[in-house]
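> 81 is the number that the UniProt record's numbering gives to position 81 of the sequence shown; each next residue is one higher, with no gaps.
Where a beta carbon is used, it is the ideal one built from N, C-alpha and C, also for glycine.
One structure, as structure tokens, below. Some questions next.
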Amino acid sequence: MSPTTSELLAASSDLLHVTAAFVAGLFVAGALIWAFWFGMRVRDRESPRPRPDEQPTLPPSGPVHEVREMREPDEVPRAAGERERLMPHELHHASTKRRKDQQRGRWDPGSSGSFGSGGLGRH
Numbered sequence: 001m002s003p004t005t006s007e008l009l010a011a012s013s014d015l016l017h018v019t020a021a022f023v024a025g026l027f028v029a030g031a032l033i034w035a036f037w038f039g040m041r042v043r044d045r046e047s048p049r050p051r052p053d054e055q056p057t058l059p060p061s062g063p064v065h066e067v068r069e070m071r072e073p074d075e076v077p078r079a080a081g082e083r084e085r086l087m088p089h090e091l092h093h094a095s096t097k098r099r100k101d102q103q104r105g106r107w108d109p110g111s112s113g114s115f116g117s118g119g120l121g122r123h
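Structural data, given as structure tokens:
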């Protein structure tokens, strides 16, 4: 029995699919090899990694810890005359300053809670 035309077309179609998958695989493998080669060239141009003796170390006083303090607004100073203006060096470096009294504010009986809590507030 001789093969029919449809059997020959199916066989050639399968061969075409296998060949296309093989070529695509070769392309992907080549792209990965090129990407690895390119990455190594870029890495060779970078500055060297720091040596162990160049790594950061703790300060002599030990690790730095968080500091908690109460802050209050630091008002902008007023110019001396009406026509004078403040210069940048006359302004403070921050908008808040350390509060003299470091005690935390406590809840007062009769005061409302947070904004919109429905309390009556202070009388």
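Over what stretch of residues does the beta strand (DSSP E) that includes E72 continue unbroken?
R71 to P73
> Taking K97 as part of the beta strand (DSSP E), name the residues at either end of that continuous run.
T96 to R98
> In three-state terms, what does DSSP make of S61?
coil
> Suppose the cutoff is 6 angstroms on Cβ atoms and the five residues either side in sequence are ignored; what does the same chain contact list for S86 look like?
The sequence as given places Leu at residue 86; Ser does not occur at that position. For L86, where only same-chain residues beyond five positions count, the Cβ hits under 6 angstroms are A79.
> Just to confirm before moving on: does the CB-CB distance between D74 and H89 stay below 8 angstroms?
Not closer than 8 angstroms, so no.
> Can R71 and R104 be called in contact, C-beta distance under 8 angstroms?
no
> E54 and Q102 look like a contact to me (Cβ under 8 angstroms); what is the Cβ gap, rounded to whole Å?
Contact doesn't hold; Cβ gap of about 40 angstroms is too wide.
> Could you give the DSSP three-state label for D53: helix, strand or coil?
helix
> When DSSP labels each residue in this structure, what does V42 get in the three-state scheme?
helix
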